[in-house]
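*Asks:*
Residue numbers (full-length UniProt numbering): 1 to 459.
1) Give the single residue among 145, 116, 175 whose Cα lies nearest to the Cα of residue 152.
2) Considering only residues of the same chain and omitting the five flanking positions on each side of residue 298, which have a CB-CB separation below 7 Å?
3) Does DSSP put residue 190 in a helix, a strand or coil?
4) For residue 305, collect the residues of the same chain with a Cβ closer than 6 Å to its Cβ; drop the 5 residues on either side in sequence, then sort them by chain order.
5) Following the continuous alpha helix (DSSP H) through residue 229, name the residue where it begins and the one where it ends.
6) Rounded to the nearest angstrom, what separates residue 180 and residue 455 at their Cα positions?
7) In the DSSP assignment, the alpha helix (DSSP H) including residue 43 goes from what residue to what residue?
8) Rank 18, 241, 260, 55 by C-alpha distance to the C-alpha of residue 286 and give the top, closest one.
9) Are the beta-carbon atoms of residue 377 and residue 186 separated by less than 8 Å?
10) Any chance the CB of residue 313 is under 7 Å from a heavy atom of the ligand ATP?
11) Apart from the five residues on each side of it in sequence, which residues of its chain come closer than 7 Å, Cβ to Cβ, to residue 279?
12) From residue 340 to residue 113, what distance separates their C-alpha atoms?
13) Assign residue 458 to buried or exposed, taking buried as 16 or more other Cβ atoms, counted over all protein chains shown, within 10 Å of its Cβ.
14) Look up residue 10 in the DSSP assignment and give the residues it is bridged to.
15) Taking the alpha carbon of residue 90 as the reference point, which residue from 74, 300, 198, 69 has its own alpha carbon closest?
16) Under the three-state reduction of DSSP, which class applies to residue 453: helix, strand or coil?
17) Give the secondary structure of residue 142 by DSSP, where H, G and I count as helix, E and B as strand, and everything else as coil.
18) With a threshold of 8 Å, are at least 3 pairs of Cβ atoms found where one atom belongs to the segment 72-79 and the other to the segment 38-55?
19) Are the segment 251-259 and the segment 346-359 touching by the rule of at least three beta carbon pairs closer than 8 Å?
20) Apart from the five residues on each side of it in sequence, which residues of its chain come closer than 8 Å, Cβ to Cβ, to residue 245?
21) Tell me, to the nearest whole angstrom, how far the beta carbon of residue 291 is from that of residue 315; I am working on the premise that it is less than 8 Å.
22) Let me check understanding here. Comparing Cα to Cα, which of 308, 345, 350, 102 lies closest to residue 370?
23) Pull up the distance between the alpha-carbon of residue 100 and that of residue 148, whole angstroms please.
24) Taking the beta carbon of residue 318 as the centre, do at least 16 other beta carbons fall within 10 Å, making it buried, or is it exposed?
25) Quick check on residue 202: does DSSP put it in helix, strand or coil?
26) Taking all protein chains shown into account, decide if residue 21 is buried (16 or more other Cβ within 10 angstroms of its Cβ) or exposed.
27) Does the Cβ of residue 227 have 16 or more other Cβ atoms within 10 Å, making it buried, or fewer, making it exposed?
28) Could you tell me the alpha carbon to alpha carbon distance between residue 79 and residue 45, rounded to whole angstroms?
29) State yes or no: is the C-beta of residue 334 within less than 8 Å of the C-beta of residue 267?
30) So, at 8 Å on beta carbons, what are the nonlocal neighbours of residue 4 in its own chain, with the 5 sequence-adjacent residues on each side left out?
31) What span of residues does the beta strand (DSSP E) with residue 545 cover, start to end?
32) How is the beta strand (DSSP E) around residue 23 delimited, first residue to last?
33) Have a look at residue 417 and residue 205 and give me their C-alpha separation to the nearest angstrom.
34) So, at 6 Å on beta carbons, what are the nonlocal neighbours of residue 145 in its own chain, with the 5 sequence-adjacent residues on each side left out?
35) So, with DSSP's three-state summary, where would you put residue 371?
36) Go through its chain and collect everything with a Cβ distance to residue 158's Cβ below 6 Å, but skip five positions before and after it.
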């Protein structure tokens, strides 16, 4: 049974294709069901003999497996590209292995090409595209009869244009053929409402035998050139506090939704193992770790999804397109501070299930960037990403990976901090965000303070 937005999007795409438009860009909030919509569109176009074959592109092997499963079910085929099959899904990385003969052969048929998370492909000319964007511009557009691009976050953190996207002139605002916002999804009861908890500290002291510095907030601390965010992420007291809040929240949710789970996004493998040990030893939680080093990472993720394990700690593996609906709590403890990744990770806890409790809690530290992203969450496309900024040509060789998260490195702090002392106030600030109007109340809390932003409160 299709959701209303999926029906509307399929109908509009078919209308646009019928009237001569070859490309369709659909933006729908993470967790809304873009893959099912795309598979249904393909099914109807097959039935109407508008296409002979569908070729899907995905940013990772784990995402491609999810796409294959969905298309296989809806199109009633294995969707592995064999003779007589209706289609196939491949990763963007594999584009470099398709030679010219493949695209020439493909152009002889009516083909629908579907690009999942199209923002991985950038460029609107050969001068400003990455290697994936280059193939989209030079090969796929020529071979495909129709193209469908999908994204929950249709922008790039380096301000380059998204491949196949249109931008208005003169302001450069991205133009989508169909938009399904988070607000619409929450109103339609398609997604959960996100609640973002920003953890701060009123008195942070750093010192050695000769010198001591005190700060009244994390923002104050990070404004110094001598200290890095990684020192906060590695600090035992900071981790103890934010993990305790997350564990307590998951415990409450599991009282009603018994299989609910939590996600921790770590900054490195070493960091992930440290967090895993804390969850197991200090909080007696069941936990699994998945990183890019795991050869069978998709098996770990699938196994976790089907288990009753409470926590999964990830390094660059669970963001966009990874479907684990039972995730309802997230600890964002990575040093990646882009709004694109922030929203992609947030989307992992927004998928609805049949559980009684459908809360979605996102915990992170109250740094300037995290505060900015949290306060802007009700904007479907952030102000900072809404307009195209003209950038110089980029070296495509540096943009072939999914993101810098695919191969995280151990971060080095500007200064080794062996003695970080957290001395908190005793207040918990509750704040709801809606149209710049805030409502606050003081709650008792030991040592740290916590600001809670309840997005879409009026929906």
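Beta carbons are placed, not taken as given, at the ideal position from N, Cα and C, and that holds for glycine. Keep in mind that this is a model prediction, so the values were computed, not measured.
*Replies:* Inspection of the coordinates gives the following:
1) By 1-based counting over the chain shown, the position of residue 152 is 152. With distances taken between Cα atoms, residue 152 lies closest to 116.
2) The count along the chain shown starts at 1 and reaches residue 298 at position 298. Around residue 298: 61, 62, 65.
3) Along the chain shown, one-based indexing puts residue 190 at 190. In the structure shown, residue 190 sits in coil (DSSP, three-state: anything other than H, G, I, E or B).
4) Position 305 of the chain shown, counted from the start, is the residue given in the question as residue 305. Counting only Cβ-Cβ distances below 6 Å, and skipping sequence neighbours, we find 324.
5) Within the chain shown, numbered from 1, the residue matching residue 229 stands at position 229. 229-234 is the extent of the alpha helix (DSSP H) around residue 229.
6) In the chain shown, counting from the first residue as 1, residue 180 sits at position 180. In the chain shown, counting from the first residue as 1, residue 455 sits at position 455. Roughly 17 Å separates the two Cα atoms.
7) The residue labelled residue 43 in the question sits at position 43 within the chain shown. From DSSP, the alpha helix (DSSP H) with residue 43 extends over 34-47.
8) Start at 1 with the first residue of the chain shown, and residue 286 comes out as number 286. Among 18, 241, 260, 55, the Cα nearest to that of residue 286 belongs to 260.
9) Residue 377 sits at position 377 when you count from the first residue of the chain shown. Residue 186 sits at position 186 when you count from the first residue of the chain shown. Going by C-beta atoms, residue 377 is not nearer than 8 Å to residue 186.
10) Looking at this structure, you won't find the ligand ATP or any other ligand, since it has none at all.
11) Your numbering for residue 279 matches position 279 in the chain shown. Excluding positions up to five away in sequence, the list reads 243, 285, 287, 311.
12) Working through the chain shown from its first residue, we reach residue 340 at position 340. Working through the chain shown from its first residue, we reach residue 113 at position 113. Residue 340 and residue 113: Cα-Cα distance of roughly 24 Å.
13) Numbered from its first residue, the chain shown carries residue 458 at position 458. Exposed, by the Cβ-count rule.
14) Here residue 10 refers to the residue found at position 10 when the chain shown is read from its first residue. Per DSSP, none; premise fails for residue 10.
15) On the chain shown, residue 90 is found 90 positions in, with the first residue counted as 1. The option with the nearest alpha carbon to residue 90 is 69.
16) For the purposes of this step, residue 453 is taken as the residue at position 453 of the chain shown. Note: residue 453 maps to strand in three-state DSSP.
17) In the chain shown, counting from the first residue as 1, residue 142 sits at position 142. Residue 142: helix per DSSP, three-state reduction.
18) yes
19) yes
20) Along the chain shown, one-based indexing puts residue 245 at 245. Around residue 245: 197, 199, 363, 450.
21) Taking the first residue of the chain shown as position 1, residue 291 is located at position 291. Taking the first residue of the chain shown as position 1, residue 315 is located at position 315. Confirmed, about 4 Å.
22) Position 370 of the chain shown holds residue 370. For the residues 308, 345, 350, 102, the minimum Cα distance to residue 370 belongs to 345.
23) In the chain shown, residue 100 corresponds to position 100, counting from 1. In the chain shown, residue 148 corresponds to position 148, counting from 1. Distance between the alpha carbons of residue 100 and residue 148 is about 22 Å.
24) To locate residue 318, count along the chain shown from 1; it is residue 318. Classification for residue 318: buried.
25) Within the chain shown, residue 202 is the residue found at index 202, counting from 1. Residue 202: coil per DSSP, three-state reduction.
26) Residue 21 sits at position 21 when you count from the first residue of the chain shown. When all chains shown are included, residue 21 counts as exposed.
27) Translated into positions along the chain shown, residue 227 becomes position 227. Burial call: buried.
28) Indexing the chain shown from 1 puts residue 79 at position 79. Indexing the chain shown from 1 puts residue 45 at position 45. Distance between the alpha carbons of residue 79 and residue 45 is about 16 Å.
29) If you number the chain shown from 1, residue 334 lands on position 334. If you number the chain shown from 1, residue 267 lands on position 267. In contact: residue 334 and residue 267 (Cβ atoms closer than 8 Å).
30) Reading the chain shown from its first residue, position 4 is the one you call residue 4. For residue 4, where only same-chain residues beyond five positions count, the Cβ hits under 8 Å are 188.
31) Outside the displayed range of the chain (1 to 459) lies residue 545, so it cannot be described from this structure.
32) As a working mapping, residue 23 is identified with position 23 in the chain shown. Start and end: 23-28.
33) Within the chain shown, numbered from 1, the residue matching residue 417 stands at position 417. Within the chain shown, numbered from 1, the residue matching residue 205 stands at position 205. The predicted model places residue 417 with a pLDDT of 48, which falls under 50 and marks its position as unreliable, so this point remains unresolved.
34) Taking the chain shown and counting its residues from 1, the one referred to as residue 145 is at position 145. Cβ within range, chain order: 110, 111.
35) Here residue 371 refers to the residue found at position 371 of the chain shown. Of the three classes helix, strand and coil, the one that applies to residue 371 here is helix, per DSSP.
36) Counting from one through the chain shown, the residue named residue 158 turns up at place 158. Only weak support exists for where residue 158 lies, its pLDDT of 45 falling under 50; the value from the coordinates is given anyway. Taken in chain order, the list of residues that qualify is empty.
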